[in-house]
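Undergrad: Chains as they are written, first to last, in numbering that gives the first Met the number 0: chain A, 0 to 425; chain B, 0 to 425. Once you've had a glance at the structure underneath, I'll fire off some questions.
2 protein chains.
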Amino acid sequence: MNIPTIDLPRIVVIGAGFAGLQVAKKIDTNQYQLVLIDKNNYHTFQPLLYQVSSAGLEPDSIAYPIRKILHKKKNTFYRLTNVEHIDTEKSIIKTAIGDIFYDQLVIATGATNNFFGNDNIALHSLPMKSLTDALNLRSKILGNFEKALNTTDLERREELMNFVIVGAGPTGVELAGALAELKNKILPNDFPDLDLRVMKIHVIEAAPRVLAPMHENSSEKAFAALRKLGVHIWTETFVTDYKDNIVTTNGDQSFRTDTLIWAAGVKGDFPEGLNAAEIGRGHRIITDDFCKAKGVDNVYILGDAGLIQSERYPQGLPMLASVAMQQGVYLAKALNRLARNKKAVPFIYNDKGSMATIGRNKAVVELKKFRFQGFFAWLVWMFVHLMLLVGFRNRVVVFVNWMWNYFRYNNGLRLIVRPYKRPTKA
Amino acid sequence: MNIPTIDLPRIVVIGAGFAGLQVAKKIDTNQYQLVLIDKNNYHTFQPLLYQVSSAGLEPDSIAYPIRKILHKKKNTFYRLTNVEHIDTEKSIIKTAIGDIFYDQLVIATGATNNFFGNDNIALHSLPMKSLTDALNLRSKILGNFEKALNTTDLERREELMNFVIVGAGPTGVELAGALAELKNKILPNDFPDLDLRVMKIHVIEAAPRVLAPMHENSSEKAFAALRKLGVHIWTETFVTDYKDNIVTTNGDQSFRTDTLIWAAGVKGDFPEGLNAAEIGRGHRIITDDFCKAKGVDNVYILGDAGLIQSERYPQGLPMLASVAMQQGVYLAKALNRLARNKKAVPFIYNDKGSMATIGRNKAVVELKKFRFQGFFAWLVWMFVHLMLLVGFRNRVVVFVNWMWNYFRYNNGLRLIVRPYKRPTKA
Chain A
0 MNIPTIDLPR IVVIGAGFAG LQVAKKIDTN QYQLVLIDKN NYHTFQPLLY
50 QVSSAGLEPD SIAYPIRKIL HKKKNTFYRL TNVEHIDTEK SIIKTAIGDI
100 FYDQLVIATG ATNNFFGNDN IALHSLPMKS LTDALNLRSK ILGNFEKALN
150 TTDLERREEL MNFVIVGAGP TGVELAGALA ELKNKILPND FPDLDLRVMK
200 IHVIEAAPRV LAPMHENSSE KAFAALRKLG VHIWTETFVT DYKDNIVTTN
250 GDQSFRTDTL IWAAGVKGDF PEGLNAAEIG RGHRIITDDF CKAKGVDNVY
300 ILGDAGLIQS ERYPQGLPML ASVAMQQGVY LAKALNRLAR NKKAVPFIYN
350 DKGSMATIGR NKAVVELKKF RFQGFFAWLV WMFVHLMLLV GFRNRVVVFV
400 NWMWNYFRYN NGLRLIVRPY KRPTKA
Chain B
0 MNIPTIDLPR IVVIGAGFAG LQVAKKIDTN QYQLVLIDKN NYHTFQPLLY
50 QVSSAGLEPD SIAYPIRKIL HKKKNTFYRL TNVEHIDTEK SIIKTAIGDI
100 FYDQLVIATG ATNNFFGNDN IALHSLPMKS LTDALNLRSK ILGNFEKALN
150 TTDLERREEL MNFVIVGAGP TGVELAGALA ELKNKILPND FPDLDLRVMK
200 IHVIEAAPRV LAPMHENSSE KAFAALRKLG VHIWTETFVT DYKDNIVTTN
250 GDQSFRTDTL IWAAGVKGDF PEGLNAAEIG RGHRIITDDF CKAKGVDNVY
300 ILGDAGLIQS ERYPQGLPML ASVAMQQGVY LAKALNRLAR NKKAVPFIYN
350 DKGSMATIGR NKAVVELKKF RFQGFFAWLV WMFVHLMLLV GFRNRVVVFV
400 NWMWNYFRYN NGLRLIVRPY KRPTKA
């Protein structure tokens, strides 16, 4: 790889998500040369992907180019490529654009979809992990209504207008809320000659309740809010197959749908070659309290790809943006300390709480000491998400979009640009 | 096609460009049922496509959904589909979603690229006719700089950083100006470790001067402005082939480039089946002074797809947005008159002039009675384009983007979303 060699140790960071970006921003480049690698030239703000899917926000409002973020950092290099292999013996990573040597390697590659080995689901469901996924889902949803107008076959119309979301975590719940608002407030204007009562939104969740990691009270409020919006929720249910547009489950229910949205299982995603590393639950690389991979030298794993296993965190930490960001900041500081020969301190997670929104005016927020719901929670949810967005421009664009939507009930343009085509088996 | 049959004559309009949209907006739906068909669910403001290509504007700021435009029109139906065939004997059009009968047919399908039979150019050049084209070109341009960083082969770097534009009409000239601004003002911040002097922008034009249809004086000003921005212009030159990343011409010049941009020949684009119609210059359907196709009943051709041949316009009219818009308004009124049994009047084109911009602060404008250039022309260019955009939202978005760009020299985010892949021969 075409990176100048200078007289400083080189840190290579793979992945410009919440964790990797913090390392790149906070590392002391008087002490290190930093190389950041990502397969996209932008950072994606994943928590708002669902609003891109539901055509509420445009891609450019939740993505921010890595080069712009790193404009002013010296000794910092970004490269757009895919990492193919890590050679921990030689401290080299192999990429499509050549090899590169590292002194310290930071793997912050996040998570990918876990379809639990079901090829039909893997091929035909629509995931929600990337901007491309979100745009595909958007054009699928909008395209389905155009198609529904043109069929007189009622069964076909139903499968086009039924949406089945698997997983009732924040992504599933928030997307269900956004689809319900499309159905109730927005699509009736776009499709006056389509009977939108045919449109059904189903959420399937294996756990006994929605937003399972949150407090029971929050789950109940979210459940009630979704029900009120007309969303059908099937808990303690899991999908067994998806064939010929029929979703089958472990229970009696089956669902006819052209659109199965996968917001359920994820697993750690990282390049091959870490043979000496231990892999734990959720296909995540086990690390110690210092985010260092066990059994491998000079390799740190941050965010969803890693799983701390220590006395302090015997169960590890959840796969959340806040864990990833805090680990990124922690590791940058730890490496800066290391360069000054200061003693290492372990990572301690500061759990600030969690939240989810269920359509207009409604959210559930859980902070350390108390929890609340409703309109004020929704304001908090919006404020926190705006502040976490990268770039002043994007904050303004998202804020203006939200305000416009709030007062005009007409969010975004709903363009079908570069339509999604369902893959066929090769 | 699933359209209700009512007791009014049905007008079917194919194409929601400048012409088709005006017909749909202005037709009297107390007198007619209107069906509008387009293969995209949005109207594209083609004059600003080049700014999407150069990452100055996002797609959603120059496209507007057809359903939103027609929200309040009664007896008006839009369908997203491709027209496969026209049967003028039976007055039926065949589409992917079924057949539909028309009483009056309006063909406003515009133009497509004319590669003059060269398969290599057709396959490997990048056109600029649609939003998809513009996004492909954008990701190609940005991706090439990422690749250029990673090669030590100087010849390869040159071909990645050379851009050859064929055609010095408004599109070619405006894109060349925008690329020059990327080179001079924007990319140096994004790519501090890339020597941007390597980047070359060539414009190849068969005519003896740029902006050939405009006055000589405007051509000279545009030429001088492009030269000042560092653009290389080759007039009286035409491209003969594009193979192995080499553009060959009729002259001595050949150009090594990974990116050949086709802003040259276009030809009328319309569905098959108009066998009785006469086809004229530029593969356009010949019409009379009333925009009615010669030799066919009840079929009107508007905009780029049609070519008026009459005493008044023996040479026809140019392929311009203003012609298309005026024809759309004219035909709607003519059909409204027809419904009231009023006498038909011929179409008369009101030539308001033409204009082009060449980067920041510079444009050439030609009005009926006088012409001017420079900063004031640039303001006029911006004002006219803003006013022609569909939708208040898009006017605001484009205006804010332009102002931001003007004062901050940092237009847009330059995201590579869904990268372009060069096609290979099947």
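Where a beta carbon is used, it is the ideal one built from N, C-alpha and C, also for glycine.
Just the Cα atoms here: how many angstroms apart are proline 191 of chain B and lysine 182 of chain B?
TA: Proline 191 of chain B and lysine 182 of chain B: Cα-Cα distance of roughly 12 Å.
Undergrad: Given 8 Å as the limit, is there contact between the segment 163-171 of chain A and the segment 260-279 of chain A, that is, 3 or more CB pairs closer than that?
TA: Taking 8 Å as the limit for Cβ pairs, the verdict is that the segment 260-279 of chain A does touch the segment 163-171 of chain A.
Undergrad: Below 8 Å between beta carbons: does that hold for asparagine 81 of chain A and threonine 28 of chain A?
TA: No. Outside cutoff.
Undergrad: Return the bridge partner residues of tyrosine 241 of chain A from the DSSP annotation.
TA: In DSSP, tyrosine 241 of chain A forms a bridge with A:Val246.
Undergrad: Could you tell me whether the Cβ of lysine 131 of chain A comes closer than 8 Å to any Cβ of chain B?
TA: Per the sequence shown, residue 131 of chain A should be read as threonine rather than lysine. Closer than 8 Å: yes.
Undergrad: Hey, is methionine 318 of chain A's beta-carbon within less than 8 Å of any beta-carbon in chain B?
TA: Cβ-Cβ to chain B under 8 Å: no for methionine 318 of chain A.
Undergrad: Can you tell which of B:Asp251, B:Phe237, B:Val238 and B:Arg255 has the C-alpha that lies nearest to the C-alpha of isoleucine 245 of chain B?
TA: Of the listed residues, the one whose Cα sits closest to isoleucine 245 of chain B is B:Arg255.
Undergrad: I'd like to confirm the pairing. Which residues does DSSP put opposite tyrosine 101 of chain A in its beta bridges?
TA: Its beta-bridge partners do not exist; DSSP assigns none.
Undergrad: When you compare only the Cα positions, how much space is there between aspartate 350 of chain A and lysine 367 of chain A?
TA: Using only the alpha carbons, I get a separation of about 7 Å.
Undergrad: Using the Cα positions of arginine 155 of chain B and leucine 125 of chain B, report the straight-line distance between them to the nearest angstrom.
TA: Computed Cα separation, rounded: 19 Å.
Undergrad: When DSSP builds the beta bridges, which residues end up paired with arginine 336 of chain B?
TA: Answer is none; arginine 336 of chain B lacks a bridge partner.
Undergrad: What distance in whole Å lies between the Cβ atoms of alanine 355 of chain A and glutamate 173 of chain A, which are believed to be in contact at a cut-off of 8 Å?
TA: Indeed they touch by this definition, with Cβ atoms about 6 Å apart.
Undergrad: Which residue marks the beginning of the alpha helix (DSSP H) containing lysine 128 of chain A, and which one marks its end?
TA: No alpha helix (DSSP H) contains lysine 128 of chain A, which DSSP labels as neither H nor E.
Undergrad: Look up alanine 175 of chain B in the DSSP assignment and say whether it is helix, strand or coil.
TA: If DSSP states are grouped into helix, strand and coil, alanine 175 of chain B belongs with the helices.
Undergrad: Give, in chain order, every unbroken run of the alpha helix (DSSP H) that is at least 4 residues long and sits entirely within the segment 290-359 of chain B.
TA: Counting only runs of 4 or more, we get 320-338.
Undergrad: What's the C-alpha gap between aspartate 240 of chain B and threonine 111 of chain B?
TA: Taking the straight line joining both Cα atoms gives about 20 Å.
Undergrad: Taking C-beta pairs closer than 8 Å, name the residues in chain B that asparagine 1 of chain A reaches, listed in chain order.
TA: Residues of chain B passing the Cβ test: Leu148, Asn149, Thr150 and Thr151.
Undergrad: The segment 30-46 of chain B: which residues have C-beta closer than 9 Å to a C-beta of chain A, in chain order?
TA: For the segment 30-46 of chain B, which is checked against every Cβ of chain A, the residues closer than 9 Å are Asn39, Asn40 and Tyr41.
Undergrad: Could you check whether the Cβ of alanine 425 of chain A sits closer than 8 Å to any Cβ belonging to chain B?
TA: With a pLDDT of 48 at alanine 425 of chain A, under the threshold of 50, the modelled position of this residue cannot be trusted; read the value that follows with caution. Not an interface residue.
Undergrad: Interface residues of chain A around leucine 414 of chain B at Cβ under 9 Å?
TA: Within chain A, the residues near leucine 414 of chain B are Asn39, Asn40, Tyr41, Pro58, Asp59, Ala62, Tyr63, Pro64 and Leu130.
Undergrad: Which residues in the same chain as glycine 315 of chain A place their Cβ atom closer than 8 Å to its Cβ, once the five residues preceding and following it in sequence are excluded?
TA: If we look at glycine 315 of chain A and ignore the five residues flanking it on each side, its Cβ neighbours are Gly279, Arg280, Arg283, Leu306, Ile307 and Gln308.
Undergrad: Rounded to the nearest angstrom, what separates glycine 250 of chain B and methionine 160 of chain B at their Cα positions?
TA: Distance between the alpha carbons of glycine 250 of chain B and methionine 160 of chain B is about 23 Å.
Undergrad: Answer with buried or exposed for alanine 425 of chain A, where buried requires no fewer than 16 other C-beta atoms within 10 angstroms of its C-beta.
TA: Only weak support is given to the placement of alanine 425 of chain A: the predicted model assigns it a pLDDT of 48, under 50, and the question is left unresolved by the model.
Undergrad: Closest Cβ-Cβ distance between aspartate 6 of chain A and chain B: below 8 Å?
TA: By this cut-off, aspartate 6 of chain A is not an interface position.
Undergrad: Going straight from the alpha carbon of histidine 384 of chain B to that of glutamate 145 of chain B, what length do you get?
TA: In a straight line, the C-alpha of histidine 384 of chain B is about 32 Å away from that of glutamate 145 of chain B.
Undergrad: If you follow the beta strand (DSSP E) that glutamate 157 of chain A is part of, which residue opens it and which one closes it?
TA: Segment 153-160 is the alpha helix (DSSP H) holding glutamate 157 of chain A; no beta strand (DSSP E) there.
Undergrad: Please look up how many angstroms separate the CB atoms of alanine 331 of chain B and glutamine 21 of chain B, rounded, as I've assumed it's under 8 Å.
TA: The pair is a contact, with the Cβ atoms about 6 Å apart (cut-off 8 Å).
Undergrad: Per DSSP, tyrosine 31 of chain B forms a beta bridge with which residues?
TA: Tyrosine 31 of chain B is not bridged to any residue.
Undergrad: Here's a check: name, in chain order, each residue in its chain whose Cβ is nearer than 6 Å to the Cβ of serine 52 of chain B, leaving out the five neighbours to either side.
TA: Cβ within range, chain order: Ala133, Leu136 and Arg137.
Undergrad: Quick one, which residues of the segment 90-101 of chain B are near chain C if we go by CB-CB under 8 Å, in chain order?
TA: Given the protein chain composition of this structure (A and B), no chain C is represented.
Undergrad: So, at 8 Å on beta carbons, what are the nonlocal neighbours of glycine 294 of chain A in its own chain, with the 5 sequence-adjacent residues on each side left out?
TA: Around glycine 294 of chain A: Ala275, Ala276 and Glu277.
Undergrad: DSSP three-state label for phenylalanine 269 of chain B, please.
TA: In the structure shown, phenylalanine 269 of chain B sits in coil (DSSP, three-state: anything other than H, G, I, E or B).
Undergrad: Please return the same chain residues whose Cβ sits closer than 7 Å to the Cβ of alanine 121 of chain B, not counting the five positions on each side in sequence.
TA: Hits under 7 Å: Phe114.
Undergrad: How far does the beta strand (DSSP E) with histidine 384 of chain A in it reach, from first residue to last?
TA: No beta strand (DSSP E) holds histidine 384 of chain A; the alpha helix (DSSP H) holding it covers 374-387.
Undergrad: Could you check if histidine 214 of chain B is buried or exposed, using at least 16 other CB atoms within 10 Å of its CB as the buried criterion?
TA: Answer is exposed; the Cβ neighbour count stays below 16.
Undergrad: If you draw a straight line from the alpha carbon of proline 270 of chain B to that of valine 322 of chain B, how long is it in whole angstroms?
TA: If I take the Cα positions, the gap works out to 21 Å.
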